[in-house]
Each structure stands twice: as C-alpha cells, then as structure tokens.
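Asker:
In full-length UniProt numbering, the protein residues as written are 1 to 209.
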C-alpha cells in the first residue's frame, strides 16, 4: 500500500488531491498513520470505504482515526468517508470529524442494487482485502437442487454438498477485452430455461390467500 500511495503521488498531476484509501488490509487507524507518515504534508486526506467491516459503528471509527492523526501532528489530513451513505448516516459522521462524503447508491431515489468489484488476486498471488475471500473463484451449480458451491479456480468438479448431485460450472465467458465472445440467448430461450428449472422448486400454496 505504501508503494501504491507513493507511486500515485509521484505520477499524478500535483493539482489532484492525495487521498489514501486506508481500510484494505489492516486496522484503519494503523493504515491512516502509515499513509500520513509516508506522504506527510502532501497527503490531503484518508478515505474509509467499508464501515461494516469493523464493529459497525462508523462514527466511532472516524473519531478514532481523527484522534490518531491529530496526536501525531497530521491535523491537516481530512477524513473522507464513503460506502452506503445517505442523508441519514451523514450527520453523525460530520459530528465525528468527517469532512468529505462519497455518495453513490443513494444519489437516486429509484430502487438500486448495491455491489462492488474487489481485487482478489494479483499476478497469481492471493491479494484479497479484509472480509473477502482470496483467489480467483469458480461457481458450481447443482443441476438437481440448483444449489451453488464456490471454490477456488482450477479445481476438480465437486459433488453437491446438499444432495450429492452432479454440478456444472455456472460461470460463462461472455465478454473479453470489451468484445462479446458468445452468442447471447434469445428472450424465448431464457424463458424456456426458467420454465424448465421450475420443477426444482417446491411451492406450498396451501396458505395462499
């Protein structure tokens, strides 16, 4: 991380603020201190992005980071927060010492699906952040009960852990280097597949009104 922060500082235009993401591999306070000591006066802020990864009290975490930076003379370093923020979660974070807020999911009032992409492997080496499973994955689906099994990539096909049935890979390469590499099914084909899989579900309609 320190190498990445320094590389960003060395290669990015000087008019771009230096904001270090600090909650990747270890305690947020420790990473905040590392970033501040690495970039010193050039560091504009530290960013916390995963409030649910530790204790669940985001405001308390912001206070802790603010305290650790201040007692070491890094009062100039702002705290930037993001990750599932909305108009209700921001006021307590302001009171705790956060100065900037990254809001994405709640920008619109329409229903949303909140997701993120995470690095789990770099050049064949496992490199997952806290709370994530390292390594490339394979997802296997049981053709009998439709249960899913997640394994690391390049392993033998497992039996279903629920019913003992045969599994097949649920992952298909559709896009590579920005190009579609497989013909996509038609709406009728998708509908037919869904109807065919309905036999795997047991529906109890006795209590339906």
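Think of the CB as a built atom: it goes at the ideal place given N, C-alpha and C, for glycine as much as any other residue. Fair warning: this is a prediction, and the values are worked out from it, not measured in the lab.
When you compare only the Cα positions, how much space is there between residue 96 and residue 66?
Answerer: One C-alpha to the other measures close to 8 angstroms.
Asker: Rounding to the nearest angstrom, what Cα-Cα distance links residue 39 and residue 6 in this structure?
Answerer: Looking at the two C-alpha atoms, the distance is approximately 7 angstroms.
Asker: What whole-angstrom Cβ distance do residue 102 and residue 82 have, given they're in contact under 8 angstroms?
Answerer: With a Cβ gap of about 3 angstroms, residue 102 and residue 82 count as contacting.
Asker: Check for me: the alpha helix (DSSP H) holding residue 201 runs from which residue to which?
Answerer: Segment: none, residue 201 is in no alpha helix (DSSP H) and carries neither H nor E.
Asker: Residue range of the beta strand (DSSP E) that residue 138 falls in?
Answerer: Element bounds for residue 138: 137-142.
Asker: Got a sec? Which residues, its chain only, sit under 8 angstroms from residue 159 by beta carbon, not counting five neighbours each side?
Answerer: Counting only Cβ-Cβ distances below 8 angstroms, and skipping sequence neighbours, we find 165, 166, 167.
Asker: Can you say whether residue 150 is buried or exposed, counting buried as having 16 or more other CB atoms within 10 angstroms of its CB?
Answerer: Residue 150 comes out exposed.
Asker: Assuming the contact rule is C-beta atoms closer than 8 angstroms, residue 44 and residue 19 should be a hit. Round their C-beta distance to whole Å, please.
Answerer: The pair is a contact, with the Cβ atoms about 6 angstroms apart (cut-off 8 angstroms).
Asker: Residues in the same chain with beta-carbon distance under 6 angstroms from residue 86, minus the five sequence neighbours each way, listed in chain order, please.
Answerer: Cβ within range, chain order: 106.
Asker: On the DSSP bridge assignment, give the partners of residue 47 in chain order.
Answerer: According to DSSP, which records beta bridges pairwise, residue 47 is partnered with 21, 80.
Asker: Please return the same chain residues whose Cβ sits closer than 6 angstroms to the Cβ of residue 47, not counting the five positions on each side in sequence.
Answerer: Cβ within range, chain order: 19, 21, 80.
Asker: Report the residue from 155, 70, 134 whose alpha carbon sits nearest the alpha carbon of residue 123.
Answerer: Here the closest residue by C-alpha is 134.
Asker: Output needed for residue 138: all residues of its chain with C-beta closer than 8 angstroms, excluding positions within five of it in sequence on either side, in chain order.
Answerer: Answer for residue 138: 150, 151, 152, 153, 154, 155, 169, 171, listed in chain order.
Asker: Thinking residue 162 and residue 147 are a contact (beta carbons under 8 angstroms), I'd like their distance in whole angstroms, please.
Answerer: Indeed they touch by this definition, with Cβ atoms about 4 angstroms apart.
Asker: So residue 36 and residue 77 are in contact, right, with Cβ under 8 angstroms, and what is the actual spacing, rounded?
Answerer: At roughly 6 angstroms, the Cβ-Cβ gap stays under 8 angstroms, so residue 36 and residue 77 are in contact.
Asker: Which runs of the beta strand (DSSP E) fall wholly inside the region 105-176 and span at least 3 residues, in chain order?
Answerer: Counting only runs of 3 or more, we get 137-142, 148-152, 167-169.
Asker: How far does the alpha helix (DSSP H) with residue 74 in it extend, from its first residue to its last?
Answerer: No alpha helix (DSSP H) contains residue 74, which DSSP labels as neither H nor E.
Asker: Since residue 62 and residue 4 are thought to touch, with beta carbons under 8 angstroms apart, how far apart are those beta carbons, to the nearest angstrom?
Answerer: Actually they do not touch by this definition, with Cβ atoms about 23 angstroms apart.
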